[in-house]
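Here is the structure we will look at, set down as structure tokens.
Residue numbers (our numbering): 87 to 762.
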């Protein structure tokens, strides 16, 4: 019964361990995949793909290949070739034998046929593998498999009656038109269940590793509440932050869905969002909290706050000495391109592979490219996004040219996979209802629940700066003029639009002026930002010329900030680096907006600049309020050419009713830039 082999391994002494038998591998993978898929109500589908995914390994050619290639059985005869026999296609053909050319057959074929090479395109790939010239050969393989006694138990497993009813019209056996956008996501989730189960079962045989061991949400909430109690102070600013914190805790009992946390810079939204998430997770039995951040330059800062309760390196060292943390180093898993695996525990490195931990801190790039990926390594984590809470930090940074697929997949996660999404920003974009104008418009979100009851009122409460726009929005200054103005301040930050502008202005500044841009590696930027904070704290002279990488979440606090004319959201973010902690009270900070020598580069930066000019000219501008941001984003979106640059509709929606998807092609086109 156990003569068929799935995997083999050698012990350290060179002897061969007992093989990983194929029957055991199929049963155990099916059990794991079924458990994963039960999170979204499809345990039966998860089990089926687990049972069938490696049926092709029963073929004599594959068994001989494994034994000969590994050296387990050098006498096994195979044709001399560098190509390994294809075992996944046999499992992908089987649904067509069982279901004919039905929706279930196609969907299972994507998942099983792609479980090594990745989710394929239907056209010019999967269709030719399954229905082209080689299909007769594949059918012969199925007949061989069916005649092997050990396969009977798998071939006779109960077949799920139908595709989940939410997607399929039972009368026509066609996809519901309203579900066209989301069927690809269900296929991805099922695929993720299989590939993670396959990885984990193989890992268990090859070299079982120490996974898990994380605290429960109730334990994490206790740690968090204790930390916030210790952090309390009686300053007016902190009293307002505590009011925001309590609103977050109270609103956490509301049903899962879309939420916005619209809080001015300095309002403590990062910790308040965690308070909401922890309480919401306990109330609604959520599995994990995923914090997604647009900039790699600030992700380490956020992770440090969650680990240690501070992002100040000196304070972190002190906390390490006395063992005083917020959640602790091993409770927060980071997953981003700047991460040095050598600095992570083995447990956290493993958890980053499939996001099997309660708190994940990652980038927008990692989150959304995974949600639209076709590679097994990237898709592996997706099933662990189900029944989670996603916090989108700096939600205004969602790239408009990718907005249609991003909002679509977020709606799918909320509607079908039990996810709660929190849009967190000081400058909330306009994402409800119709976005843009014909012919490029599309339907955004239906509803977003405000966590803060009256976000407009917070504008005055957290007013710590005066923002001065040029009297003439068309009159430009040269860099020499700007440099002379900046030289008059002991502590000043100037934010410009491009790396070249940054370099050019910095060259005109006195020695010792700090240059901060994406020309630097992440570690160098992190060290420089830490030095800037120390000088600001000690009231030492410090002048900084930076690109916009400092605008989203970097907790630096200057008395004066200069900002090159840009989108209104960028100006507001720059203002958030001025008098952040209200240290100038009873005075306030100064933010000076200037017209740089050249227009912003063509594209989104220039359209943001143009939209800002239009809004400031056409409205009685007094304060940067949430309503002003809404008007700004609506104006900006009406002037954009596309919200679907990677052609989401053409590749994943248009032919969904025929169950034909172009997974690989879309994954190649969906390339967010790992922002600074």
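C-beta: ideal position from N, C-alpha, C; glycine also.
Measure the alpha-carbon distance for residue i versus residue j and round it to whole angstroms.
i, j, result
"residue 319", "residue 544", "19 Å"
"residue 474", "residue 358", "17 Å"
"residue 620", "residue 496", "39 Å"
"residue 631", "residue 447", "28 Å"
"residue 592", "residue 670", "27 Å"
"residue 486", "residue 376", "22 Å"
"residue 124", "residue 132", "8 Å"
"residue 690", "residue 321", "40 Å"
"residue 250", "residue 331", "39 Å"
"residue 148", "residue 90", "10 Å"
"residue 214", "residue 734", "23 Å"
"residue 534", "residue 510", "12 Å"
"residue 436", "residue 283", "14 Å"
"residue 420", "residue 184", "43 Å"
"residue 189", "residue 179", "13 Å"
"residue 146", "residue 491", "44 Å"
"residue 559", "residue 480", "27 Å"
"residue 557", "residue 678", "12 Å"
"residue 519", "residue 613", "43 Å"
"residue 523", "residue 662", "32 Å"
"residue 752", "residue 732", "7 Å"
"residue 694", "residue 361", "33 Å"
"residue 405", "residue 636", "26 Å"
"residue 757", "residue 515", "22 Å"
"residue 412", "residue 517", "34 Å"
"residue 142", "residue 303", "42 Å"
Below 7 Å between beta carbons: does that hold for residue i and residue j?
i, j, result
"residue 365", "residue 338", "yes"
"residue 198", "residue 270", "no"
"residue 204", "residue 461", "yes"
"residue 482", "residue 449", "no"
"residue 528", "residue 521", "yes"
"residue 739", "residue 266", "yes"
"residue 415", "residue 433", "no"
"residue 93", "residue 300", "no"
"residue 181", "residue 191", "yes"
"residue 551", "residue 674", "yes"
"residue 676", "residue 646", "yes"
"residue 127", "residue 268", "no"
"residue 729", "residue 489", "yes"
"residue 111", "residue 293", "no"
"residue 202", "residue 174", "yes"
"residue 664", "residue 633", "no"
"residue 643", "residue 666", "yes"
Would you mind reading off the limits of the beta strand (DSSP E) that contains residue i?
i, result
"residue 117", "Residue 117 -> not in any beta strand (DSSP E); alpha helix (DSSP H) instead, spanning 108-123."
"residue 440", "Residue 440 -> not in any beta strand (DSSP E); alpha helix (DSSP H) instead, spanning 432-440."
"residue 554", "551-554"
"residue 649", "646-650"
"residue 30", "The question about residue 30 has no answer, for the chain in this structure spans 87 to 762."
"residue 73", "Nothing about residue 73 can be read from this structure; the chain reaches only from 87 to 762."
"residue 415", "Careful: residue 415 lies outside any beta strand (DSSP E) and carries neither H nor E."
"residue 241", "Careful: residue 241 lies outside any beta strand (DSSP E), inside the alpha helix (DSSP H) at 238-241."
"residue 479", "475-479"
"residue 135", "Element bounds for residue 135: not the beta strand (DSSP E) but the alpha helix (DSSP H), 129-138."
"residue 506", "506-511"
What span of residues does the alpha helix (DSSP H) with residue i cover, start to end?
i, result
"residue 489", "489-502"
"residue 449", "That residue, residue 449, is in no alpha helix (DSSP H); its beta strand (DSSP E) goes 445-449."
"residue 273", "269-293"
"residue 306", "303-317"
"residue 545", "541-547"
"residue 654", "654-661"
Is residue i near the ligand SAH, judged by its Cβ being under 6 Å from some heavy atom?
i, result
"residue 233", "The ligand content of the structure shown is nil, which means the ligand SAH is not present either."
Is residue i close to chain D? Criterion is C-beta to C-beta, closer than 7 Å.
i, result
"residue 269", "Checking the listed chains, one finds no chain D in this structure; it contains a single protein chain."
- Query: Which ranges would you report for the alpha helix (DSSP H) in the segment 556-638 if only whole runs of at least 4 residues count?
  - Reply: 565-572, 585-592, 608-623
- Query: Counting pairs of beta carbons, one from the segment 269-285 and one from the segment 112-126, are three or more of them closer than 8 Å?
  - Reply: Segments in contact, yes.
- Item | Entirely enclosed alpha helix (DSSP H) segments - the segment 330-380, minimum 4 residues | 355-370
- Query: Are the segment 465-483 and the segment 366-373 touching, with three or more C-beta to C-beta distances below 8 Å?
  - Reply: yes
- For the segment 593-604 against the segment 647-656, are there 3 or more C-beta pairs whose distance is under 8 Å? no
- Does the segment 226-234 come close enough to the segment 452-468 that 3 or more CB-CB pairs lie under 8 Å? For the pair of segments examined, the segment 452-468 was found not to touch the segment 226-234: the number of CB pairs separated by less than 8 Å stays below three.
- Task: Taking 8 Å as the threshold, find out whether the segment 676-684 comes into contact with the segment 563-579 through three or more Cβ pairs.
- Result: Yes, the segment 676-684 is in contact with the segment 563-579.
- When the Cβ atoms of the segment 574-582 are set against those of the segment 610-629, are three or more pairs found closer than 8 Å? Short answer: they touch.
- Query: Hey, which unbroken runs of the beta strand (DSSP E) at 3 residues or more fall wholly within the segment 692-752?
  - Reply: The beta strand (DSSP E) runs lying completely inside the segment 692-752 and spanning 3 residues or more number zero.
- Message: Quick check for students: name the residue ranges of the alpha helix (DSSP H) that lie wholly in the segment 170-206, counting only runs of 4 or more.
- Response: 174-185, 189-199
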